[in-house]
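Colleague:
Protein chains: 2
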Amino acid sequence: MGNATLRPPAKAAAAQRLIRAAGQRLTAPRTAVLAVLLDAKRALTHHEIGSALAPGVPVDRVTVYRVLDWLVTLGLAHRIPGEDRTWRFVASRVDSHGPHAHFTCSRCGKTVCLEAVATPPDVKVPRGFLPQKVELTVQGLCASCH
Amino acid sequence: MGNATLRPPAKAAAAQRLIRAAGQRLTAPRTAVLAVLLDAKRALTHHEIGSALAPGVPVDRVTVYRVLDWLVTLGLAHRIPGEDRTWRFVASRVDSHGPHAHFTCSRCGKTVCLEAVATPPDVKVPRGFLPQKVELTVQGLCASCH
DNA sequence: GAGCGGGACGCAACCGAATTGCATCTGCAC
DNA sequence: GTGCAGATGCAATTCGGTTGCGTCCCGCTC
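As you go down the protein sequences, you meet chains A and B in turn.
With our numbering applied, the first sequence corresponds to residues 1 to 146, in that order.
With our numbering applied, the second sequence corresponds to residues 147 to 292, in that order.
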């Protein structure tokens, strides 16, 4: 299939810079996957990522999984569990890696970050429990599904 | 974990009452599964539910799935997507079926309800989006894991 | 109490997301 | 240019969950 969706070169360059900055080996699959995430306006499933980078270099399914895992470990990406038992990934915002909310459309499964919504800073947990991460998920219908 | 003790009869009776009240057919698997949920202090995976009711009547894996699905449809149970790509179930509290928070231990996967934490009622979503359900999940370590 | 019908159950096969093992290839340090 | 640790690709496997279908049984009726 033709390059119907040309990835902006800027994203690829940004991806390379981030990988370099992390002191990691620079490879085509890593650059491609990270560029897709940086370019995305919403959280993507593994499958969506796979087809998004199809026009360029063909990357093995397993490699996509491993690259995503590696990005999450590096803190460059964020993994969100979905209602449909699959994971979605977003590139981490460098400026705000604090807690933020997610919106998931219950019809089409689209997931976006709600930067504007702040999660309550004071979470009361039972005695002996140690809170580490707070995640706020909003279910509903997105603009194009209702 | 593997508790060979008998399920408190009170829970089984309560389960039967709830099923009756919903105008549904009363069967052994339904009573057993709901009794397990009512007895649980935390959210259980399908697998945990299956082994919890093993000492009593052997219930087919598929039947457990169907019963849980049916309980969720009836509003008697609540399904929580977990970080480990599995679902967990809790019996719905009759008194408070409003939005409430969940705590998940990132080491042992235990999930409990945080009734005390109220989710922010005013969630700002992008124009055109229609929020329906707000879910607040806290990740961390539970009392017995740190 | 016996008969009956539709929904529930159990079994087995199936599906798709994710993972693992292993041989091969490659980025990059020297 | 060379060597090697680490990354990739392929195939097979695992595992949570689902579906199809024949049989069983709850609860209604007579």
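Every residue, glycine too, gets a C-beta built ideally from N, C-alpha and C.
Skipping 5 residues on each side, what residues in its chain have a beta carbon closer than 8 Å to that of L26 of chain A?
Modeller: What you label residue 26 of chain A is simply residue 26 of the first sequence in a count that begins at 1. Closer than 8 Å at Cβ, skipping near neighbours: Q16, I19 and R20.
Colleague: Using three-state DSSP, classify V90 of chain A as helix, strand or coil.
Modeller: Taking the first residue of the first sequence as position 1, residue 90 of chain A is located at position 90. Looking at V90 of chain A - three-state DSSP - the assignment turns out to be strand.
Colleague: I need the straight-line Cα distance from A14 of chain A to T191 of chain B, nearest angstrom please.
Modeller: Your numbering for residue 14 of chain A matches position 14 in the first sequence. Your numbering for residue 191 of chain B matches position 45 in the second sequence. Going by the C-alpha atoms only, they are around 41 Å apart.
Colleague: Give the residues from the stretch 69-82 of chain A that approach chain B closer than 9 Å (Cβ to any Cβ), ordered along the chain.
Modeller: Result list: R79, P81 and G82.
Colleague: What are the partner residues of L190 of chain B, as DSSP defines its beta bridges?
Modeller: Within the second sequence, numbered from 1, the residue matching residue 190 of chain B stands at position 44. Partner(s): B:F235.
Colleague: Whole angstroms is fine: what's the gap from L214 of chain B's alpha carbon to C105 of chain A's?
Modeller: For the purposes of this step, residue 214 of chain B is identified with residue 68 of the second sequence, where counting begins at 1. For the purposes of this step, residue 105 of chain A is identified with residue 105 of the first sequence, where counting begins at 1. So the two alpha carbons sit approximately 23 Å from each other.
Colleague: Using a Cβ cut-off of 8 Å (strictly closer), state whether H292 of chain B contacts chain A.
Modeller: Position 146 of the second sequence, counted from the start, is the residue given in the question as residue 292 of chain B. Closer than 8 Å: yes.
Colleague: By the criterion of Cβ-Cβ separation under 7 Å, what are the contact partners of G255 of chain B in chain A?
Modeller: On the second sequence, position 109 is the one that residue 255 of chain B refers to. Within chain A, no residue comes near G255 of chain B; the closest Cβ sits about 12 Å away, beyond 7 Å.
Colleague: Strictly under 8 Å for the Cβ-Cβ distance: is L282 of chain B near chain A by that measure?
Modeller: As a working note, residue 282 of chain B is residue 136 in the second sequence. Yes, contact with chain A.
Colleague: Work out the CA separation of E83 of chain A and R253 of chain B for me, nearest whole Å.
Modeller: The sequence position of residue 253 of chain B within the second sequence is 107, counting from 1. The sequence position of residue 83 of chain A within the first sequence is 83, counting from 1. Cα to Cα, the separation comes out at about 21 Å.
Colleague: Between which two residues does the alpha helix (DSSP H) containing T63 of chain A stretch?
Modeller: Numbered from 1 along the first sequence, position 63 holds the residue referred to as residue 63 of chain A. Where T63 of chain A is concerned, the enclosing alpha helix (DSSP H) stretches over R61 to L74.
Colleague: List the residues of chain B that L141 of chain A touches, going by C-beta distances under 8 Å, in chain order.
Modeller: Here residue 141 of chain A is taken as the residue at index 141 of the first sequence, counted from 1. What L141 of chain A touches in chain B: F275, L276 and Q278.
Colleague: How many angstroms separate the CA atom of R61 of chain A from the CA atom of E48 of chain A?
Modeller: Working through the first sequence from its first residue, we reach residue 61 of chain A at position 61. Working through the first sequence from its first residue, we reach residue 48 of chain A at position 48. Cα-Cα distance, rounded: 11 Å.
Colleague: List, in order along the chain, the chain A residues whose C-beta lies closer than 7 Å to that of F249 of chain B?
Modeller: Counting from one through the second sequence, the residue named residue 249 of chain B turns up at place 103. Under the 7 Å cutoff, chain A gives V125 and F129.
Colleague: Which residue's Cα is closest to the Cα of H224 of chain B: B:T257, B:F275, B:A198 and B:A178?
Modeller: Counting from 1 along the second sequence, the entry for residue 224 of chain B is found at position 78. Of the listed residues, the one whose Cα sits closest to H224 of chain B is B:T257.
Colleague: Distance check for P131 of chain A and F89 of chain A, CA to CA, integer angstroms please.
Modeller: Working through the first sequence from its first residue, we reach residue 89 of chain A at position 89. Working through the first sequence from its first residue, we reach residue 131 of chain A at position 131. Taking the straight line from one Cα to the other gives about 23 Å.
Colleague: Using a Cβ-Cβ distance under 8 Å, would L190 of chain B count as near chain A?
Modeller: Taking the first residue of the second sequence as 1, we reach residue 190 of chain B at position 44. Cβ-Cβ to chain A under 8 Å: no for L190 of chain B.
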